[in-house]
Structures are given as structure tokens and as C-alpha cells.
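Numbering (the numbering used here), first residue to last: 1 to 119.
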């Protein structure tokens, strides 16, 4: 009886561990990868546009750029969902870099996020 209880507990532990460490992160990656890559690119573009528009000072265009930044909210939600499912920060960073490559940005656009803006 004691041995059977031990085996059941070990089996339950193994199933729970596999679910948390392998199944959920794999599901999160496969289910949200494409939308993460797309939203990552769109959010980056929206942030760039917002920055340039804010320098123009035209209020109508600034409001339009702020609405466009709502894409970043969707990006954040997908990112948080993936993190809560156990997808690592390193994998998300890799997907962000993949997004830059897939959406055919110029070399300077790819390099700009890696430049120091202040020291």
C-alpha cells in the first residue's frame, strides 16, 4: 500500500513537472509565435512613427500615432501570455530578432535598437 502511494505521488509529480517545464512552454511558443512576431514588428514601427510624429508637432497626426500605439498593448498582452506559459525571455528576444529579419528592415533599422542613446 505504501509503495503504491509512493508510485502514484511520483507519477503525479512527474506529470506536473513535465506539464510546467515542457508542455506549457511548448504550447505557448507554438500557439503565439506568429502573432508575437507580427505584433513585435508592428509595435516597433508604431513606436518609430510616434517618435517622428511627436517631433512634427501637428496635433491631428499625434493623436493618430497614439491610436497606432495600441498595437503595442496587444504585443504586451501576447508577450505576458507567453511568459506566463513559461516561454523564456531568451526565446522571446530571439523571436524579436527574427521579426526584424522577416519584415525586411534595413541594416540601420536593425542596428538602431542596439545603439546607446545615452551614457
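The beta carbon of each residue, even a glycine, is placed where N, CA and C say it ideally should be. All of these numbers come straight from a predicted model, not from anything done at the bench.
What's the gap between the Cα of residue i and the Cα of residue j?
i, j, result
"residue 22", "residue 85", "10 Å"
"residue 56", "residue 49", "11 Å"
"residue 35", "residue 78", "8 Å"
"residue 96", "residue 6", "44 Å"
"residue 3", "residue 19", "24 Å"
"residue 1", "residue 83", "40 Å"
"residue 66", "residue 41", "17 Å"
"residue 80", "residue 100", "20 Å"
"residue 44", "residue 68", "11 Å"
"residue 60", "residue 75", "25 Å"
Count the other C-beta atoms from every protein chain shown that fall within 10 angstroms of the C-beta of residue i, then say buried if there are 16 or more, exposed otherwise.
i, result
"residue 120", "Coverage of the chain is limited to positions 1 through 119, which leaves residue 120 absent and any answer about it impossible."
"residue 70", "exposed"
"residue 88", "exposed"
Can you name the start and end residues of the alpha helix (DSSP H) that residue i belongs to?
i, result
"residue 102", "89-102"
"residue 59", "59-68"
"residue 37", "24-56"
"residue 11", "2-18"
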